[in-house]
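A quick write-up on the structure given underneath.
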Amino acid sequence: MTQLERNEKLIQVVLAVIAFSAISFLAIITFFIFIEGTPVIIKYGIKNFLFGMDWFPSEKSFGILPMIIGSIEVTVGALIIGIPLGLACAVSLTEFSSKRIRQILKPVIELLAGIPSVVYGFIGVVILVPFIRNNLGGPGLSVLAASIVLGIMILPTIISISIDSLLAVPRNYREGSIAMGATQWQTTIMVMFPAAKSGIITSIILGMGRAIGETMAVIMIAGNAINIPNSILDPVRTLTSNIALEIGYSTGEHRQALFATGIVLFVIIMILNTVANVMSIKKRGRN
Amino acid sequence: MRRLIFVIFILALFITGCSQGVSHKEIIIAGSTSVEPFADKWAEVYMEKYPDIIVNVQGSGSSAGIQAAISGVADIGTCSRELKPEEKDLTEIIVAYDGLAIIVNSNNKTGDLTIEQIKQIFSGEIRNWQEFGGGNKVINVVTREEGSGTRGAFQELVMKKNRIFKGAIVQDSNGTVREIVATDPNAIGYISLGLLNDKVKALSLGGIPATNENITTKRYSLVRPFLFVTKNTPTGEVKNFIDFVLSQEGQGLIREAGLISVN
């Protein structure tokens, strides 16, 4: 081999080693979570674990249903707020604004994604929670507070990816529709959205993943009561909050049960990410 | 040539990063959020007296502190409740006594409750302030997380065999409980008496207010010890620090701050 070829080979090998070490971290974490968490699921039965209503570790009761429902409720609430606002913003920036405005605003929105979640939680506690308590009732620390803050947190994801998807639709789609006499709004609804559909759905699923995994902000504003909420003004605890609140001092089976909760979260996120990947492959495939 | 300099530069960074730095002895203290501000005070004064020692204080909850002491992560674990039977093989040193204050919002008309009534509120039996002459408002119960020493003391002294009810809001430090009670007119919670401030009101129990005098004379019954917990009998720097904490000077510091001293 020439010196050039040897250098090439060396770089290839180094990059491969680095890539594998990154994957191996992920593999080690996954392995560890499953090893730690599975014994408890086997001992108490997966039905009792997933559908048990009572989480009381000091009495060996490990049912996480209230937390599963809590996670689902705040995520759905976040999507109810995030999807309309996000899509409206994306459409407005691509279809109804000048390129200049989009070039200024899109980076600003992406900057929002960099705000640490504890800052969102702080603003939630100081402004949103008292507002809800004084005007809507309840303790303020509630499903509603968590949904609003999470909805805002997932906006940058939804907006940014949706804008990219809408911009990727071939120009002749829009031009053809306008040429046939459709208004700009009709074009957006009947042509642009369906064409960008898989990218938009991907953005929503990634936003969902972020909302489910969010811990710090939720602990600060959701109230953390181990109860299935009766209304959106009731406090709630999510799977992630449960782990973060208790892992510091848990021992023995309690700790394993928290790892088992981690397994549940892992499975949920894996499913969401796989669906997102399949959708984006479909999109690439079509183009 | 440039590449060689770059490599040497990177190596130099690594090596300096790996060194221990100036020889500082470090004492790591972790545990109860009730003890934390007082441990901070002791640490601050101790470090002024002995500048080559670093005392590092963290608050993560009593049970977490005990775990940290057992595993050796912390030199001293702090705890605001009695040790459980399975923890009794650790060395425990009482460094202060603290009252447990049941707090309500400063605007709350209720100023006095019996322990039985408090138990009924926290177990979810009584849910509305009108039972105590207040308006028709739902009581927002705030409690600590399970590993909290303050919660452990509350459970032992007030709840006894009853569970704190499921719908109670859970927060992970004295400070956040106090903030919630301070801003929510219908909230009730419990914190370390040493952390009381003028934004919240401490209830009197059956007519007995939560003052230092009442605690020392045992008339106010919600008292718990602050413990320093170590894996083995303390030696060296750790022992010096604990001696300071138990000395006249150390105890005087916390007496000023509102705790009851051991001597």
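Protein chains in written order, with this note's numbering: chain F, 37 to 323; chain S, 5 to 267.
Quick reminder that beta carbons are idealized off the backbone N, C-alpha and C, glycines included.
Inset, instruction - Return the chain-ordered ranges of every beta strand (DSSP E) run that is complete within the region 118-173 of chain S and spans a minimum of 3 residues. - result: Here the runs fully enclosed are 144-148.
Inset, instruction - Specify the secondary structure class of S:Val103 as computed by DSSP and reduced to three states. - result: In the second sequence, residue 103 of chain S corresponds to position 99, counting from 1. What sits at residue 103 of chain S in the sequence shown is Gly, not Val. Strand at S:Gly103.
Legend entry - Range covered by the alpha helix (DSSP H) that runs through S:Ile258: In the second sequence, the residue the question calls residue 258 of chain S occupies position 254. Run containing S:Ile258: Gln252 to Ala261, per the alpha helix (DSSP H) assignment.
Legend entry - S:Ser38 at chain F interface by Cβ criterion, 9 Å: Here residue 38 of chain S refers to the residue found at position 34 of the second sequence. Contact with chain F is absent for S:Ser38, since none of that chain's Cβ atoms lies less than 9 Å from the residue's Cβ.
Inset, instruction - Starting from the beta carbon of S:Val11, find every residue of chain F whose beta carbon is closer than 8 Å, and list them in chain order. - result: Looking up residue 11 of chain S in the second sequence gives position 7. Residues of chain F whose Cβ lies closer than 8 Å to the Cβ of S:Val11 do not exist; the shortest such Cβ separation is about 15 Å.
Inset, instruction - Have a look at F:Pro93, F:Val205 and F:Pro192 and flag the residue whose alpha-carbon is nearest the alpha-carbon of F:Lys233. - result: The residue given as residue 233 of chain F occupies position 197 in the first sequence. The option with the nearest alpha carbon to F:Lys233 is F:Val205.
Inset, instruction - With 7 Å as the limit, tell me which residues of the region 58-88 of chain S have their beta carbon closer than that to any beta carbon of chain F; keep them in chain order. - result: When C-beta distances to chain F are compared with 7 Å, the residues of the region 58-88 of chain S below that value are Ser64, Gly65, Ser67, Ala68 and Gln71, in chain order.
Inset, instruction - List in chain order: all unbroken alpha helix (DSSP H) runs of 4+ residues lying wholly within the region 221-297 of chain F. - result: Counting only runs of 4 or more, we get 233-249, 252-257 and 275-282.
Inset, instruction - Determine the burial state of S:Asn109: buried for a count of at least 16 other Cβ atoms within 10 Å of its Cβ, exposed for fewer. - result: For the purposes of this step, residue 109 of chain S is taken as residue 105 along the second sequence, with counting starting at 1. Result: buried.
Legend entry - Chain-ordered chain F contacts of S:Val99 [CB-CB under 7 Å]: Locating residue 99 of chain S in the second sequence gives position 95, counting from the first residue. Against S:Val99, chain F offers no close residue; the least beta-carbon distance is about 20 Å (beta-carbon pairs closer than 7 Å).
Legend entry - Residues within the region 144-167 of chain S neighbouring chain F, beta-carbon criterion of under 7 Å: Answer set for the region 144-167 of chain S: Asn144, Glu149, Glu150 and Gly151.
Legend entry - Contact belief for F:Gly243 with F:Ser201 at Cβ below 8 Å, rounded distance in angstroms: Walking along the first sequence from the start, residue 243 of chain F turns up at place 207. Walking along the first sequence from the start, residue 201 of chain F turns up at place 165. Contact flag wrong, Cβ pair sits at about 13 Å.
Inset, instruction - Check whether the Cβ atoms of S:Ile195 and S:Val181 lie closer than 9 Å to each other. - result: Taking the first residue of the second sequence as 1, we reach residue 195 of chain S at position 191. Taking the first residue of the second sequence as 1, we reach residue 181 of chain S at position 177. Cβ distance < 9 Å, so S:Ile195 and S:Val181 count as in contact.
Inset, instruction - Could you check if S:Thr239 is buried or exposed, using at least 16 other CB atoms within 10 Å of its CB as the buried criterion? - result: As a first step, residue 239 of chain S is located in the second sequence; it is residue number 235 there, counting from the start. With fewer than 16 other beta carbons inside 10 angstroms of its own, S:Thr239 counts as exposed.
Legend entry - According to DSSP, residues forming a beta bridge with S:Glu96: In the second sequence, counting from the first residue as 1, residue 96 of chain S sits at position 92. Residue pairing by DSSP places S:Glu96 opposite S:Val233 in a beta bridge.
Legend entry - Helix, strand or coil at F:Ile77 according to DSSP, with G and I counted as helix: One-based indexing of the first sequence puts residue 77 of chain F at position 41. In the three-state scheme derived from DSSP, where H, G and I count as helix and E and B as strand, F:Ile77 is classed as helix.
Inset, instruction - For S:Val181, decide whether its Cβ has a neighbour in chain F, counting only Cβ atoms nearer than 9 Å. - result: By one-based count along the second sequence, residue 181 of chain S stands at place 177. Taking 9 Å as the threshold, the shortest C-beta distance from S:Val181 to chain F does not fall below it.
Inset, instruction - Taking only beta-carbon positions, decide if S:Lys170 is within less than 9 Å of chain F. - result: For this step, residue 170 of chain S is matched to residue 166 along the second sequence. Against chain F, the CB of S:Lys170 has a partner CB under 9 Å away; the residue lies at that interface.
Legend entry - Buried versus exposed, by CB contacts within 10 Å (16 or more), S:Asn140: The sequence position of residue 140 of chain S within the second sequence is 136, counting from 1. The residue is exposed, with fewer than 16 neighbouring Cβ atoms inside 10 Å.
Inset, instruction - Mind the definition here: the region 283-299 of chain F touches the region 203-214 of chain S only if three or more C-beta pairs lie below 8 Å; say whether that holds. - result: Touching, no.
Inset, instruction - Could you tell me whether any Cβ in chain S is nearer than 9 Å to the Cβ of F:Thr287? - result: Reading the first sequence from its first residue, position 251 is the one you call residue 287 of chain F. By this cut-off, F:Thr287 is an interface position.
Legend entry - Unbroken beta strand (DSSP E) run spanning S:Thr220, endpoints: For this step, residue 220 of chain S is matched to residue 216 along the second sequence. Taken as a continuous stretch (DSSP letters only), S:Thr220 belongs to no beta strand (DSSP E), being part of the alpha helix (DSSP H) at Asn216 to Thr220.
Inset, instruction - Starting from the beta carbon of F:Glu282, find every residue of chain S whose beta carbon is closer than 8 Å, and list them in chain order. - result: Here the question's residue 282 of chain F lines up with position 246 in the first sequence. In chain order: Glu149, Glu150 and Gly151.
Legend entry - Between the CA atoms of F:Ile257 and F:Val300 - distance to the nearest angstrom: Taking the first residue of the first sequence as position 1, residue 300 of chain F is located at position 264. Taking the first residue of the first sequence as position 1, residue 257 of chain F is located at position 221. Going by the C-alpha atoms only, they are around 23 Å apart.
Inset, instruction - Output, in chain order, the set of chain S residues within a Cβ distance shorter than 8 Å of F:Ile262. - result: For the purposes of this step, residue 262 of chain F is taken as the residue at position 226 of the first sequence. Residues of chain S passing the Cβ test: Lys170 and Val174.
Inset, instruction - With a 10 Å radius around its C-beta and 16 neighbouring C-beta atoms as the bar for buried, classify S:Asn178 as buried or exposed. - result: Start at 1 with the first residue of the second sequence, and residue 178 of chain S comes out as number 174. Label assigned to S:Asn178: buried.
Legend entry - CB contact flag (F:Lys135, F:Ile199, <9 Å): Sequence index remark: in the first sequence, residue 135 of chain F carries index 99 (1-based). Sequence index remark: in the first sequence, residue 199 of chain F carries index 163 (1-based). By the CB criterion at 9 Å, F:Lys135 and F:Ile199 fall outside the cutoff.
Legend entry - Proximity winner among S:Leu17, S:Phe126 and S:Phe42, relative to S:Glu260 (alpha-carbon distances): Position 256 of the second sequence, counted from the first residue, corresponds to residue 260 of chain S. If we check each option's Cα against that of S:Glu260, S:Phe42 comes out closest.
Inset, instruction - Indicate the three-state DSSP secondary structure (helix, strand or coil) for S:Tyr194 in the structure shown. - result: By one-based count along the second sequence, residue 194 of chain S stands at place 190. Strand, per DSSP.
Legend entry - Distance between F:Glu72 and F:Pro120 (C-alpha atoms, nearest Å): Here the question's residue 120 of chain F lines up with position 84 in the first sequence. Here the question's residue 72 of chain F lines up with position 36 in the first sequence. So the alpha carbons of these two residues sit roughly 40 Å apart.
Legend entry - Within chain B, the residues that S:Thr220 reaches when beta carbons sit closer than 8 Å: Protein chains in the displayed structure are F and S, and chain B is not among them.
Inset, instruction - Please check if any C-beta of chain F sits within less than 9 Å of the C-beta of S:Thr187. - result: The residue you call residue 187 of chain S lines up with position 183 of the second sequence. Yes, contact with chain F.
Inset, instruction - Note the first and the last residue of the continuous beta strand (DSSP E) segment covering S:Thr82. - result: Here residue 82 of chain S corresponds to residue number 78 of the second sequence, with the count starting at 1. Ile80 to Cys83 is the span of the beta strand (DSSP E), which, as asked, contains S:Thr82.
Inset, instruction - With a threshold of 16 other CB atoms inside 10 Å of the CB of S:Ser12, please say whether the residue is buried or exposed. - result: Start at 1 with the first residue of the second sequence, and residue 12 of chain S comes out as number 8. It is worth fixing the name first, because residue 12 of chain S is Ile in this sequence and not Ser. S:Ile12 comes out exposed.
Legend entry - Range covered by the alpha helix (DSSP H) that runs through S:Val61: Walking along the second sequence from the start, residue 61 of chain S turns up at place 57. Annotation for S:Val61: no alpha helix (DSSP H) segment contains it, though the beta strand (DSSP E) segment containing it runs Ile57 to Gly63.
Inset, instruction - Could you tell me whether the region 152-169 of chain F touches the region 215-225 of chain F, where touching means 3 or more Cβ pairs closer than 8 Å? - result: By the Cβ rule, the region 152-169 of chain F does not count as touching the region 215-225 of chain F, because fewer than three pairs are nearer than 8 Å.
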